[in-house]
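K.L.:
The listed protein sequences derive, respectively, from chains A and B. Note that the first sequence covers residues 0 to 274 in numbering that gives the first Met the number 0. Note that the second sequence covers residues 0 to 109 in numbering that gives the first Met the number 0. All C-beta atoms, glycine included, are put in the ideal place defined by N, C-alpha and C. Once you've had a glance at the structure underneath, I'll fire off some questions.
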Amino acid sequence: MDQNRGNWYLLTGLILGLLMGIVYSWVISPISQVDTHPSLLRTDYKDIYRLLISRAYQANNNLPRAEARLNLIGDDEPALALAAQAQRFLAEGGDHEMAVILANLSAALQSREAAENPPVHPTGTAAATDSPENTEENGENNPDNPATSTQELVSSQTPPPTESPPFILQESLPICDPTLGESLVQIVATNGSGDGIPGVAIQISLGIDPIEIFYTGLKPELGLGYADFSAEPGLTYQVSFPDSGLIVPDVEVPACQNESDESYWGSWEIYITHP
Amino acid sequence: MSRWTLFFVVLLLGLGLGLLYGWVINPVSYQDTTLDSLRIDYKTDYTLMVAEVYHQSNDLDWAMNRLTLLKNESPLHTIEESLKFASQAEYTLPDMFLLRDLHNALKENN
Numbered sequence: 000m001d002q003n004r005g006n007w008y009l010l011t012g013l014i015l016g017l018l019m020g021i022v023y024s025w026v027i028s029p030i031s032q033v034d035t036h037p038s039l040l041r042t043d044y045k046d047i048y049r050l051l052i053s054r055a056y057q058a059n060n061n062l063p064r065a066e067a068r069l070n071l072i073g074d075d076e077p078a079l080a081l082a083a084q085a086q087r088f089l090a091e092g093g094d095h096e097m098a099v100i101l102a103n104l105s106a107a108l109q110s111r112e113a114a115e116n117p118p119v120h121p122t123g124t125a126a127a128t129d130s131p132e133n134t135e136e137n138g139e140n141n142p143d144n145p146a147t148s149t150q151e152l153v154s155s156q157t158p159p160p161t162e163s164p165p166f167i168l169q170e171s172l173p174i175c176d177p178t179l180g181e182s183l184v185q186i187v188a189t190n191g192s193g194d195g196i197p198g199v200a201i202q203i204s205l206g207i208d209p210i211e212i213f214y215t216g217l218k219p220e221l222g223l224g225y226a227d228f229s230a231e232p233g234l235t236y237q238v239s240f241p242d243s244g245l246i247v248p249d250v251e252v253p254a255c256q257n258e259s260d261e262s263y264w265g266s267w268e269i270y271i272t273h274p
Numbered sequence: 000m001s002r003w004t005l006f007f008v009v010l011l012l013g014l015g016l017g018l019l020y021g022w023v024i025n026p027v028s029y030q031d032t033t034l035d036s037l038r039i040d041y042k043t044d045y046t047l048m049v050a051e052v053y054h055q056s057n058d059l060d061w062a063m064n065r066l067t068l069l070k071n072e073s074p075l076h077t078i079e080e081s082l083k084f085a086s087q088a089e090y091t092l093p094d095m096f097l098l099r100d101l102h103n104a105l106k107e108n109n
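As structure tokens, then:
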């Protein structure tokens with residue numbers, strides 16, 4: 000009987016031992032979590048890290064350093080990750096100031112990319128000044144080099160909104176665009192050259208009650224000066240720009256019809272610019 | 000050697016191989032770690048960011064709150080460790096000054 004069982008018990012023992020060893024080393028006593036990399040942080044800690052990088056950028060205006068730090072987190076598109084976090088922050092009722100700080104760094108990164116890719120956004124002399132060679136020489140990838148001329152260039156590319164002249168209304172009109180999929184109040188803020196301006200505060204009110212404050216630049220994929228708000232059909236909104244004292248009253252999404260004569264609610268577009 | 004003895008010898012051998020595999024060859028790949036598990040150079044850079052913000056805002060409560068996330072004995076201990084590493088890694092003088100300013104502020108606050 001024993002002889003018929005052969006040596007299978009040895010294999011059983013080996014497999015049992017292997018399983019016990021793996022369970023112990025993976026589950027019961029895995030290697031302690033020390034000396035890890037920022038890219039392995041939990042999502043909420045990555046948010047804290049990104050916000051801290053943005054605040055540090057606000058303090059030192061050193062874009063290469065901020066960029067090097069953001070690269071540690073390992074986001075595919077750091078600028079979009081910052082903008083997405085700013086949006087989440089606002090949606091969760093977070094501090095508007097923090098959202099603006101995140102959006103400003105996102106916008107600075109986008110501006111830098113735009114300047115480095117003239118075929119996409121030709122910017123004349125700015126692009127020539129901010130060549131990749133210049134930024135390399137100025138220590139683009141060196142977090143330990145805080146004082147660079149890139150710093151001055153970046154600060155001139157992304158002026159704080161408060162330093163800008165007030166905006167004037169360029170155009171405010173209802174639009175029928177079935178591709179939008181929802182009724183939006185869309186705002187586009189540009190400077191005299193037509194470049195989008197991020198960080199412009201927009202207040203939406205129903206009557207005299209403000210219902211939301213948001214900022215341009217939180218959806219950089221749609222343009223640095225772009226912002227939108229989901230509008231409810233049948234309500235009349237007032238859109239104001241507190242920093243400029245500009246008020247756009249009577250914003251109401253229009254009733255539209257598509258090619259098949261089916262009704263749908265349209266959107267509203269507002270264009271503001273510097274005089 | 001009896002069957003049971005052989006069985007336990009092989010079991011121990013398997014256990015050893017399992018531990019080798021789980022700890023050395025294919026250890027647990029960590030995701031979702033916390034700030035306190037960061038390597039000392041990243042912790043120091045984190046502390047430097049706090050010092051940069053503190054230099055502008057002078058908000059010591061905020062700085063202490065951020066440093067607490069590194070879960071050292073105290074924020075002061077965190078900044079002392081960072082200063083030590085920054086000195087060894089030859090951080091630039093402006094960065095050393097920022098860290099030192101925050102260190103002094105925390106020390107006065109204690």
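With distances taken from CA atoms, which of L101(B), L105(B) and Y90(B) is nearest D40(B)?
P.N.:
Y90(B)
K.L.:
Can you confirm whether S24(A), when its beta carbon is compared against all beta carbons of chain B, has any partner nearer than 8 Å?
P.N.:
yes
K.L.:
May I ask which residues mark the beginning and end of the alpha helix (DSSP H) holding L5(B)?
P.N.:
Under the DSSP assignment, L5(B) falls in the alpha helix (DSSP H) whose first and last residues are R2 to L19.
K.L.:
I'd like to check one pair, V184(A) with V250(A): are the Cβ atoms closer than 8 Å?
P.N.:
Remark: C-beta atoms of V250(A) and V184(A) approach each other more closely than 8 Å.
K.L.:
Starting from the beta carbon of M286(A), find every residue of chain B whose beta carbon is closer than 7 Å, and list them in chain order.
P.N.:
Outside the modelled stretch of chain A, which goes from 0 to 274, sits residue 286(A), for which no answer is possible.
K.L.:
Where does T235(A) sit, in a helix, a strand or coil, going by DSSP?
P.N.:
coil
K.L.:
Going by C-alpha distance, which of R38(B), G15(B) and A50(B) is nearest D94(B)?
P.N.:
The closest CA to that of D94(B), considering only R38(B), G15(B) and A50(B), is found on A50(B).
K.L.:
Return helix, strand or coil for I78(B), following the three-state DSSP convention.
P.N.:
Helix.
K.L.:
Between G12(A) and chain B, is there a C-beta pair that is closer than 8 Å?
P.N.:
yes
K.L.:
Using a beta-carbon distance cut-off of less than 8 Å, what residues from the region 53-86 of chain B approach chain A?
P.N.:
H54, Q55, S56, R65 and L68
K.L.:
When the distance is taken between beta carbons, is I174(A) closer than 8 Å to E112(A)?
P.N.:
no
K.L.:
Going by alpha carbons, who is nearest to S223(A) out of H36(A), I167(A) and I186(A)?
P.N.:
This sequence places Leu at residue 223(A); Ser is not what is there. Answer by Cα proximity: I186(A).
K.L.:
Could you list the residues in the region 28-39 of chain B with a C-beta less than 7 Å from some C-beta on chain A, going in chain order?
P.N.:
Within the region 28-39 of chain B, the qualifying residues are Y29, Q30, D31, T32, T33, L34, S36, L37 and R38.
K.L.:
If you measure from the beta carbon of R2(B) to each beta carbon in chain A, is any gap under 8 Å?
P.N.:
Taking Cβ atoms only, chain A reaches closer than 8 Å to R2(B), which makes this a yes.
K.L.:
Name the chain B residues that come within less than 7 Å of Q32(A), Cβ to Cβ?
P.N.:
Those within 7 Å of Q32(A) in chain B are Y29, T32 and S36.
K.L.:
Can you pull the chain B neighbours of I47(A), defined as C-beta to C-beta under 9 Å?
P.N.:
Within chain B, the residues near I47(A) are L34, R65 and L68.
K.L.:
Compare the C-beta of D44(B) with all C-beta atoms of chain A and state if any pair is closer than 8 Å.
P.N.:
yes
K.L.:
Can you tell me whether I207(A) is helix, strand or coil according to DSSP?
P.N.:
coil
K.L.:
In the DSSP assignment, what residue or residues form a beta bridge with V250(A)?
P.N.:
Y236(A)
K.L.:
Restricting to Cα atoms, I'd like to know which of H95(A), I271(A), Q109(A) and I27(A) is closest to G193(A).
P.N.:
Among H95(A), I271(A), Q109(A) and I27(A), the Cα nearest to that of G193(A) belongs to I271(A).
K.L.:
Starting from G16(A), find everything on chain B with Cβ-Cβ shorter than 8 Å and list it in chain order.
P.N.:
The contacting residues are V9, L10, L11, L12, G13, L14, G15, L16 and G17.
K.L.:
Using the Cβ count rule (16 or more neighbours within 10 Å means buried), how would you classify T43(B)?
P.N.:
Classification of T43(B): buried, given that the 10 Å Cβ count is 16 or more.
K.L.:
Three-state secondary structure (DSSP) at F166(A)?
P.N.:
coil
K.L.:
Between the alpha carbons of S81(B) and R64(A), how many angstroms are there, rounded?
P.N.:
One C-alpha to the other measures close to 18 Å.
K.L.:
Which class does Y90(B) belong to by DSSP, given the choice of helix, strand or coil?
P.N.:
In the displayed model, Y90(B) falls within coil according to three-state DSSP, outside both helix and strand.
K.L.:
Does DSSP put E107(B) in a helix, a strand or coil?
P.N.:
helix
K.L.:
Using a Cβ cut-off of 9 Å, pull out every chain B residue sitting near P29(A), in sequence order please.
P.N.:
G21, W22, P26, V27 and Y29
K.L.:
Mind pulling the chain A residues with CB within less than 7 Å of L5(B)?
P.N.:
Chain A residues near L5(B): L9.
K.L.:
For S243(A), which of I167(A), S182(A) and A226(A) has the nearest alpha-carbon?
P.N.:
For the residues I167(A), S182(A) and A226(A), the minimum Cα distance to S243(A) belongs to I167(A).
K.L.:
Who does E268(A) pair with in a DSSP beta bridge?
P.N.:
L172(A) and Q185(A)
K.L.:
Measure from the C-beta of A98(A) to each C-beta in chain B and report whether the shortest distance is under 8 Å.
P.N.:
no
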